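Note sheet for the following structure.
In my numbering, the protein residues as written are 561 to 763.
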């Protein structure tokens with residue numbers, strides 16, 4: 561093989577690298593970066609939900625100490641908190657790529673939100689709680705946590721959308737499937753039926 565043949569082979573190899581290998585590497589690295597952003601944001605979502613779960617026993621104990629509530633109110637909160645614990649997944653990658661798992665997680669969290677709302681509505685019947693400093697502090701922390709939950713869920717959806725948009729774009733779409741389940745599309749938090757109507761909760 562002459563010099564021209566060798567040179568032709570090198571040019572062909574260089575073209576293959578430029579046309580196939582380099583875009584594949586760039587796509588892979590970009591997907592890794594975006595996937596890590598989604599996982600980090602999912603960690604923030606779990607963090608604020610955990611903060612709320614940690615507040616619940618203190619809130620219930622404070623209310624129990626001041627007011628003589630009907631037992632069903634406590635049981636509803638305890639059961640809702642228990643359901644939240646049952647849907648925790650050890651592998652966050654599975655949660656962020658499985659819409660059904662994320663929907664189960666969201667439904668459990670929404671159940672706890674509903675139970676807490678009922679608890680706080682019942683609290684309105686007990687004026688002595690409005691003067692209880694511990695209760696007022698916990699109520700304020702719970703309100704702040706609910707706001708953080710909304711913000712972190714929104715940020716998670718933004719990271720998931722960014723990942724999904726890039727994954728479905730050309731040429732990344734051509735390479736994403738080569739990595740198996742490593743870069744599955746991300747799931748979203750979705751509004752529950754009737755979410756467009758704000759709940760009437762009095763604190």
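Glycine included, every Cβ here is placed at the ideal spot set by N, Cα and C. The structure presented is a predicted model; accordingly, all values stated were derived computationally and were not measured.
Handout entry: Helix, strand or coil at residue 684 according to DSSP, with G and I counted as helix
Key = Shown here, residue 684 sits in coil according to DSSP, grouped into three states, outside any helix or strand.
Exercise for the section: Please classify residue 693: is it buried, with 16 or more other beta-carbons within 10 angstroms of its beta-carbon, or exposed? Expected result: Exposed, since its Cβ has fewer than 16 Cβ neighbours within 10 Å.
Problem - Outcome for residue 624 when other beta-carbon atoms lying within 10 angstroms are tallied against a minimum of 16 - result: Flag for residue 624 reads exposed.
Problem - CA-to-CA distance, residue 730 to residue 759, given in whole angstroms - result: Annotation note: pLDDT 45 at residue 759 (below 50); position unreliable, coordinate value reported separately. Going from the Cα of residue 759 to the Cα of residue 730 covers about 43 angstroms.
Exercise for the section: Note down, in chain order, each residue of its chain lying with its Cβ closer than 6 angstroms to the Cβ of residue 720, except the 5 sequence neighbours on either side. Expected result: Closer than 6 angstroms at Cβ, skipping near neighbours: 598, 746 and 748.
Practice task
Using the Cα positions of residue 616 and residue 585, report the straight-line distance between them to the nearest angstrom.
Solution key: Computed Cα separation, rounded: 47 angstroms.
Practice task
For the stretch 712 to 747, list the alpha helix (DSSP H) runs that are entirely contained and at least 4 residues long, ordered along the chain.
Solution key: Fully contained in the stretch 712 to 747 are the following alpha helix (DSSP H) runs of length 4 or more, in chain order: 732 to 736.
Practice task
Please specify which runs of the beta strand (DSSP E), each continuous and at least 3 residues long, are wholly inside the stretch 632 to 712, giving them in chain order.
Solution key: Qualifying beta strand (DSSP E) stretches: none in this window.
Problem - Within 9 angstroms, strictly: CB atoms of residue 641 and residue 675 - result: At a Cβ-Cβ threshold of 9 angstroms, residue 641 and residue 675 count as neighbours.
Exercise for the section: Can you have a look at residue 712 and say buried or exposed, based on whether 16 or more other CB atoms are within 10 angstroms of its CB? Expected result: Buried is the call here.
Practice task
Please work out which residues of its chain come closer than 8 angstroms, Cβ to Cβ, to residue 520, disregarding the five sequence neighbours upstream and downstream, and give them in chain order.
Solution key: In this structure the chain extends from 561 to 763, so residue 520 is not present and cannot be described.
Problem - Cβ-heavy atom distance, residue 742 to the ligand FMN, below 8 angstroms - result: Annotation note on the ligand FMN: not contained in the displayed structure, which lists no ligands.
Exercise for the section: Would you identify the three-state DSSP class for residue 545, choosing helix, strand or coil? Expected result: What is shown of the chain runs 561 to 763, which leaves residue 545 out entirely.
Exercise for the section: Flag this pair as yes or no: are the beta carbons of residue 716 and residue 669 separated by less than 9 angstroms? Expected result: Not closer than 9 angstroms, so no.
Practice task
Select from 695, 655 and 718 the residue whose C-alpha is nearest the C-alpha of residue 622.
Solution key: The shortest Cα separation from residue 622 among 695, 655 and 718 belongs to 695.
Exercise for the section: Measure the CB-CB distance between residue 678 and residue 732 and report whether it falls below 9 angstroms. Expected result: Not a contact, by the Cβ cut-off of 9 angstroms.
Practice task
Assign residue 734 to one of two classes, buried (16 or more other C-beta atoms within 10 Å of its C-beta) or exposed (fewer than that).
Solution key: The residue is exposed, with fewer than 16 neighbouring Cβ atoms inside 10 Å.
Practice task
Buried or exposed for residue 714, please, with buried defined as at least 16 other CB atoms from any protein chain shown within 10 angstroms of its CB.
Solution key: Around the CB of residue 714, fewer than 16 other CB atoms lie within 10 Å, so the residue is classed as exposed.
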